[in-house]
Each structure stands twice: as C-alpha cells, then as structure tokens.
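In terms of the numbering used here, the sequence shown has 257 at position 204, counting the first letter as 1, and numbering is strictly consecutive. We put the CB at the ideal spot given by N, CA and C, even for glycine. Predicted, not measured: the structure shown is a model, and the values here were computed from it.
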Amino acid sequence: MFPEILNEHILKCKSATYRPFGVNVPLLYPKIEKLIDLIIDHNVEIVFTSAGNPKTWTRKLKDHGIKVAHVIPSIKFAVKAQQAGVDAVVAEGFEAGGHNGRDETTTFCRVPAVCEAVQIPVIAAGGISSGRSMLGAMALGADAVQIGSRFAVSVESSAHENFKKRVIETDEGDTVLTLKKLTPVRLIKNDFYSKIKEAESKGADIEEFIKILGVRRSKKGIFEGDLNEGELEIGQVSAYIKDIKPAAQILKEIWGEFSRLKYTF
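Okay, structure coming up:
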C-alpha cells in the first residue's frame, strides 16, 4: 500500500475494533520511511516485517513500544532476525503464496529447524489452512501459525470476486513459485505467468523481468480482478479451498478442528 492507502486502512481497522491489530510491511517497498512513521503515529501495537533487513527498522519500532515479528526464508536469517531484536519470527515454507524465499524448503522442514536455531517464538506459515495443519505446525514446535490464503477468499476479504472464484477453482499444481531472479513470488498460472515463463526459458536478465512485471501488477489481478494480465498471488493450499465463507466461520472451523484433534493424538 502507498502511505495514503495504508492510512485509510489503519483508520478503518481502528473504527472496527478496540483490540490490538497488526500491520504487515514488506521492507522493500518505496516510501518505507513514511509507512513506518504512519504506523508509529497511529500507535499500532504489532508490526510484521518482511523482504528486507530487520536491523533497519526493528529498534525504532520497539522504541515506540511496538512488537515486531519478521518473516524469514531460512535458518540463517532467523538467527539474524533474533540478533536484530525482533520479538518473533515467521518461518515460512515455499508453499506460501505471495513473496517467498528463493529455495524450495517446505514448511514441514523449515519450522522444526528454525525452532531449534532461535530462542524467540516461532510462527509457522505456508500451507496452513485448517485445524489439522495448525496442529501439525504445533507438533513441529511452532508457537503459533500465520494463515493467509484461506482468509484471502473470505467474504470480508477486499480481493476482487473474480480472484476469489479463480482461487477456489485451482487444482493441484496450478500455482508456481516464479520470478526467482527478481523477487520470488507464488502465483496462479495465467497469461502473465506464461510471459514470465517464456522470459525465464530464454535466460532474460533482471531488467527484462522488471519491464514485464511493470507496476501494480498484483493490484490488477487481486483487487481489480484481471485474471489474464494480473499477478494472482496465492498459496499451494488454494487447491484444497473450495468455498468462500465469512472469516468468523473460517476461524471457528479451524479452531474447532484443532481443539478436537489436539486431544486425539
């Protein structure tokens, strides 16, 4: 989000709840200083950072009483994040949607390894959409889970209806981790992906990928509903999501299944 859009959404969130809420900030975004200042000015209590060096902003955020969690793509960066003073790390496997690590380490492998490497809380992410998968992450040592794709197709999600319908139509193998030369991202195969694949097969350089990507490509796909030329970011678990439900119902089902199974094994 650009600063003015982030400001609008923070105000909407404040009007909807008196509870603490978090803001997710990829550090590679332009105008990052303005975004951080907005978060501080609004007294946001929790920030999830990603796609950048946590040393740059963690201290400033924590000096203002903000809890910081950082998304990491490897054990090495989990340790670096801990050294930077973050309160928790999100150990994300390559099953996850959106921006991702360049390697192809799964959540099942990454989570227990990260849990052994750091002494701060570990949040598991990537491929988690049910109480069963949540319990699996806990069994691997995670303290909590982060769920994206399942809520991306909730009734309340601000994603376009075209995007939501496309997500629930996906089958196994319909998403792919691509753009590794630039910024790795998992997305649904479409015309835009075909252009990326063709460029990759020809050994295109970074400049050519930037040209193909253009600007606001994910907005075009996710929020404007262009299923051909948009960047349709979603996780592998989309192949097993077959309905659009209210967020409250999704949460209730996840927690219910987790609670039942927790005492079964």
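Helix, strand or coil at residue i [DSSP, three-state]
{"i": "Lys190", "result": "The residue asked about is misnamed: residue 190 is Ala in this sequence, not Lys. It is helical."}
{"i": "Thr111", "result": "helix"}
{"i": "Phe101", "result": "strand"}
{"i": "Gly309", "result": "helix"}
{"i": "Val268", "result": "coil"}
{"i": "Val121", "result": "strand"}
{"i": "Leu285", "result": "coil"}
{"i": "Gly184", "result": "helix"}
{"i": "Pro83", "result": "coil"}
{"i": "Val290", "result": "helix"}
{"i": "Ala212", "result": "coil"}
{"i": "Ala197", "result": "strand"}
{"i": "Asn396", "result": "No information on residue 396 is available, as it lies outside the stretch 54 to 318 that the chain covers here."}
{"i": "Pro56", "result": "helix"}
{"i": "Gly274", "result": "helix"}
{"i": "His95", "result": "coil"}
{"i": "Ser207", "result": "coil"}
{"i": "Asp90", "result": "helix"}
{"i": "Lys315", "result": "helix"}
{"i": "Arg72", "result": "coil"}
{"i": "Leu64", "result": "helix"}
Euclidean distance between Cα positions of residue i and residue j
{"i": "Gly105", "j": "Tyr246", "result": "25 Å"}
{"i": "Lys234", "j": "Pro165", "result": "28 Å"}
{"i": "Val142", "j": "Thr159", "result": "16 Å"}
{"i": "Ile297", "j": "Arg219", "result": "11 Å"}
{"i": "Ile99", "j": "Lys248", "result": "38 Å"}
{"i": "Ala300", "j": "Gly256", "result": "42 Å"}
{"i": "Lys87", "j": "Lys315", "result": "43 Å"}
{"i": "Gln199", "j": "Gly150", "result": "12 Å"}
{"i": "Leu193", "j": "Ala177", "result": "9 Å"}
{"i": "Ile303", "j": "Lys217", "result": "15 Å"}
{"i": "Asn96", "j": "Thr231", "result": "36 Å"}
{"i": "Gly288", "j": "Glu306", "result": "20 Å"}
{"i": "Ile128", "j": "Gly180", "result": "19 Å"}
{"i": "Glu145", "j": "Gly154", "result": "8 Å"}
{"i": "Val76", "j": "Lys115", "result": "14 Å"}
{"i": "Gly309", "j": "Asp258", "result": "48 Å"}
{"i": "Val208", "j": "Ser291", "result": "16 Å"}
{"i": "Lys84", "j": "Lys113", "result": "16 Å"}
{"i": "Arg163", "j": "Tyr293", "result": "22 Å"}
{"i": "Ser271", "j": "Glu260", "result": "19 Å"}
{"i": "Ile119", "j": "Thr109", "result": "15 Å"}
{"i": "Lys65", "j": "Ile89", "result": "18 Å"}
{"i": "Ser211", "j": "Arg269", "result": "16 Å"}
{"i": "Met54", "j": "Ala69", "result": "20 Å"}
{"i": "Thr228", "j": "Arg239", "result": "6 Å"}
8 Å Cβ shell around residue i - same chain, five flanking residues per side excluded
{"i": "Leu91", "result": "Pro56, Leu59, Asn60 and Ile63"}
{"i": "Thr236", "result": "Leu81, Ala104 and His152"}
{"i": "Glu157", "result": "Phe147 and Leu230"}
{"i": "Asp196", "result": "Ala141, Pro174, Val175 and Ile176"}
{"i": "Ala190", "result": "Thr160, Val164, Ala177, Ile181 and Val198"}
{"i": "Ser312", "result": "Gly184"}
Residue i CB to nearest heavy atom of the ligand HEM below 8 Å
{"i": "Glu306", "result": "The model depicted lacks the ligand HEM and carries no ligand whatsoever."}
Cβ-based neighbour list, residue i, same chain, cut-off 6 Å, excluding 5 preceding and 5 following
{"i": "His123", "result": "Thr102, Pro107, Ala134, Val139 and Val142"}
{"i": "Ala131", "result": "Ile125, Val142, Val167, Ala170 and Val171"}
{"i": "Lys295", "result": "Ile221"}
{"i": "Thr111", "result": "Val121, Ala137, Gly138 and Val139"}
{"i": "Pro79", "result": "Ser103 and Ala104"}
Close Cβ partners of residue i (< 7 Å) along its chain, the five nearest in sequence each way excluded
{"i": "His25", "result": "Nothing can be reported for residue 25: it is not among the residues displayed for the chain, which extend from 54 to 318."}
{"i": "His117", "result": "Ile93"}
{"i": "Asn215", "result": "Gly278 and Leu280"}
{"i": "Pro73", "result": "Glu98 and Ile99"}
{"i": "Tyr71", "result": "none"}
(message) Between the stretch 197-205 and the stretch 276-283, can you find at least three pairs of beta-carbon atoms closer than 8 Å?
(response) no
(request) Any chance you could list the alpha helix (DSSP H) runs of at least 4 consecutive residues sitting entirely within the stretch 124-179, in chain order? (result) 128-136 and 160-170
(request) State whether the stretch 283-303 contacts the stretch 237-254, with contact taken as three or more CB pairs (one from each stretch) at a distance under 8 Å. (result) yes
(message) Counting beta carbon pairs with one atom in the stretch 223-230 and one in the stretch 252-262, are three or more of them shorter than 8 Å?
(response) no
(request) Count the C-beta pairs between the stretch 259-271 and the stretch 178-195 that are closer than 8 Å, then say yes if the count reaches three, no if not. (result) no
(request) Mind listing, in chain order, the continuous beta strand (DSSP E) runs of no fewer than 3 residues lying wholly within the stretch 221-256? (result) 228-231 and 238-241
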